[in-house]
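So the structure is just underneath, and the comments pick up after that.
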Amino acid sequence: PPLALSWVLHSGPANVEFSEAKPKLSGLDVKATTTVTFKTPGAYVLRVHATDTTGEDGSNQCCWTNGYVKVQVN
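Quick note on numbering: the sequence shown equals residues 24 to 97 in this note's numbering.
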């Protein structure tokens with residue numbers, strides 16, 4: 024697919040676990056879901072990196088962006 028996503032821990036007091044750090048995308052109505060497990064309370068920032076690979080031959084990286092999600096775990 025021309026769109027790829029990857030989730031990483033940007034900052035936080037401890038490591039986290041993603042059920043799918045690189046969720047598979049398919050179809051025209053592209054949606055992805057992942058679950059994050061936190062083992063330590065605190066303030067976290069998760070980063071999702073989205074890449075559009077639609078180049079002339081489909082192998083070139085055209086565009087990318089990052090999204091940040093703040094999470095407070097009590």
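Quick reminder that beta carbons are idealized off the backbone N, C-alpha and C, glycines included.
Item: Residue from V96, K93, Q95 and H72 with nearest C-alpha to W87; Value: H72
Item: Counted within 10 angstroms of its Cβ, other Cβ atoms place Y67 as buried (16 or more) or exposed; Value: buried
Item: Local conformation of K47 per DSSP, three classes; Value: coil
Item: Distance, L26 Cα to T77 Cα; Value: 8 Å
Item: Proximity of T63 and S42 at Cβ, strictly below 7 Å; Value: no
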